[in-house]
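Here the structure comes first, spelled out in structure tokens, and everything after it is commentary.
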Amino acid sequence: MEQLQRRQAAGELRVRTSAEFRADVATVGLQKAFSRTDVLAAGGCSVSTQASLNIGPGPCDPPIRIQRAELGGVRLQCHGSNNSLTMPLGGGDRPEHSGATVLNALLKGASVPFVASGEKQPQFPRQELVTQVDLAGLGMTRLLLPRAISENGIVAVNSGETRIWSFHGPLLERLGNAVFTAPGGRGIGLSSPRLHCLGAGSPVFVAGAVGVVTGAGIGHQPRCKRLPGDHALAPGAVAAVSADAEHMNPAWLRPCWFGELGAGVMVALAAPVPLLTVETAAPAGCGDHQLQAPVLDFSIPRRVRPVLGCVSYKDLLGGRITVKGHAVPTASATSLRLTDHVTAALAEKLRDGSFPLVAPFQPLPEKPTLTPVNS
Numbered sequence: 008m009e010q011l012q013r014r015q016a017a018g019e020l021r022v023r024t025s026a027e028f029r030a031d032v033a034t035v036g037l038q039k040a041f042s043r044t045d046v047l048a049a050g051g052c053s054v055s056t057q058a059s060l061n062i063g064p065g066p067c068d069p070p071i072r073i074q075r076a077e078l079g080g081v082r083l084q085c086h087g088s089n090n091s092l093t094m095p096l097g098g099g100d101r102p103e104h105s106g107a108t109v110l111n112a113l114l115k116g117a118s119v120p121f122v123a124s125g126e127k128q129p130q131f132p133r134q135e136l137v138t139q140v141d142l143a144g145l146g147m148t149r150l151l152l153p154r155a156i157s158e159n160g161i162v163a164v165n166s167g168e169t170r171i172w173s174f175h176g177p178l179l180e181r182l183g184n185a186v187f188t189a190p191g192g193r194g195i196g197l198s199s200p201r202l203h204c205l206g207a208g209s210p211v212f213v214a215g216a217v218g219v220v221t222g223a224g225i226g227h228q229p230r231c232k233r234l235p236g237d238h239a240l241a242p243g244a245v246a247a248v249s250a251d252a253e254h255m256n257p258a259w260l261r262p263c264w265f266g267e268l269g270a271g272v273m274v275a276l277a278a279p280v281p282l283l284t285v286e287t288a289a290p291a292g293c294g295d296h297q298l299q300a301p302v303l304d305f306s307i308p309r310r311v312r313p314v315l316g317c318v319s320y321k322d323l324l325g326g327r328i329t330v331k332g333h334a335v336p337t338a339s340a341t342s343l344r345l346t347d348h349v350t351a352a353l354a355e356k357l358r359d360g361s362f363p364l365v366a367p368f369q370p371l372p373e374k375p376t377l378t379p380v381n382s
């Protein structure tokens, strides 16, 4: 890693996107492709209903102890301290009325209503505060993504007789469509099995800002089934990420809507994958025809859903797979276009030295966080 850092400082770092590296491996072979590549830029889009924005507004005069607050009409979670408020980005009952919508507007430079109230106390005589704030006026604004990066994804289908709203998008009845949640070989996890390239302290490019991995994310399960090349046959390892929202690009952070399930947010992000040895480069050189994802039937509302087999990302990206003898059209649950854009942007920043190349302070744990709650 120190050698790569020196090359980056000298402007000599050889960077390719994960898609470019795979194409090179297919053309000239792994050894030659590895010999002319130092680090990959790999990307993806995190679609989350669990994301939140931590807000740290400054004091007002006279002081108020905030016990209830709304930002842009979205209720905030108050934690007993005026400089610690949390806005959920998911949930809500209308697509135009969610935390993700408010954050996207703030990133575009808009001002939104901020309304707060609290009981009158000797040191906090004020009971109400009504004002307009922009992003800078909120003080600290930190995006928290508890499930930012998954090693792999799933393919969601519906063999039932009625349409289903899922967190991956609408699933048409009688195997009418298949929605896949990972970008295949473009992705971070399928370029670095078990997310070996990431750990606590690893920098991540989050919607244009430099974020950081905070540790294992929700649903972290590194001990899942794997292909011979060590690629996960499940979502697998998961990393949680946080980033300062002030420097984010609204084009790479977008509100989304899941029908009766409410709102969420889609965040484009990317991470460097250092190729330190030819052994670490081998998984990153596998083509989409060698990478697979499990097909899960969402018509069965149980914790463990039926697995209807595995399919290759070549077929998923090609637009059609076969499930139980049926030809099923496919669609990505996230934006492959945004994935490519954010990956290319990270590659350029790695080349010019404006994005740090840093080893993690601590690897992601082997212990899973995916622990069922049984009654």
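So for the sequence shown, our numbering puts the first residue at 8; every next one is plus one. Virtual Cβ for every residue (Gly too), placed ideally from N, Cα, C. For clarity, every value in this text was computed on a predicted model and none was experimentally measured.
Where does the unbroken alpha helix (DSSP H) through residue i begin, and where does it stop?
i    : result
H348 : L343 to D359
Q10  : E9 to A16
D31  : S25 to V35
P290 : V285 to A291
G106 : G106 to L114
Just to confirm the assignment, what range does the beta strand (DSSP E) spanning residue i have?
i    : result
A123 : V119 to S124
D295 : That residue, D295, is in no beta strand (DSSP E); it is neither H nor E in DSSP.
D251 : V245 to D251
I156 : M147 to S157
R75  : R75 to L78
S199 : Note, S199: premise wrong, no beta strand (DSSP E); not H, not E.
P262 : L260 to W264
G316 : V314 to S319
F362 : First-last for F362: undefined, no H or E at that position.
Less than 9 Å separating the beta-carbons of residue i and residue j?
i    : j    : result
P290 : L197 : yes
V186 : A340 : yes
W317 : H238 : The sequence as given places Cys at residue 317; Trp does not occur at that position. Result no, Cβ atoms of C317 and H238 do not sit closer than 9 Å.
T56  : R23  : no
P367 : V248 : no
G63  : S91  : yes
G97  : V272 : yes
L37  : V285 : yes
A278 : V365 : no
G50  : T346 : yes
R233 : L240 : yes
S105 : V122 : no
R310 : G224 : no
V274 : W264 : no
L20  : R29  : no
P132 : P200 : no
Quick check on residue i: buried or exposed, where buried means 16 or more other Cβ atoms within 10 Å of its Cβ?
i    : result
C67  : exposed
G213 : Per the sequence presented here, residue 213 reads as Val, with Gly not at that position. Buried.
Q10  : exposed
R101 : exposed
R193 : buried
M255 : buried
T138 : exposed
H227 : buried
V35  : exposed
S209 : buried
V380 : exposed
P129 : exposed
T169 : exposed
E158 : buried
S342 : buried
For residue i, which beta-bridge partners are listed by DSSP?
i    : result
I328 : V335
V140 : V119
P95  : S59
D304 : V164
G218 : V211
Q369 : A207
F41  : F41 pairs with nothing; no bridge assigned.
A48  : T24 and P279
P177 : W172
I225 : Bridge partners of I225: none, in fact.
S53  : V274
Using 9 Å as the limit for Cβ to Cβ distance, is residue i near chain B?
i    : result
V245 : Protein chain content of the structure displayed is limited to a single chain, and chain B is not contained in it.
Whole-angstrom Cβ separation of residue i and residue j, contact assumed at under 8 Å?
i    : j    : result
H348 : K321 : Not a contact, Cβ separation roughly 22 Å.
V164 : L178 : 6 Å
R312 : L323 : That pair is no contact at about 18 Å.
A216 : D251 : 6 Å
G125 : Q134 : 6 Å
S306 : S166 : 5 Å
A48  : T350 : 5 Å
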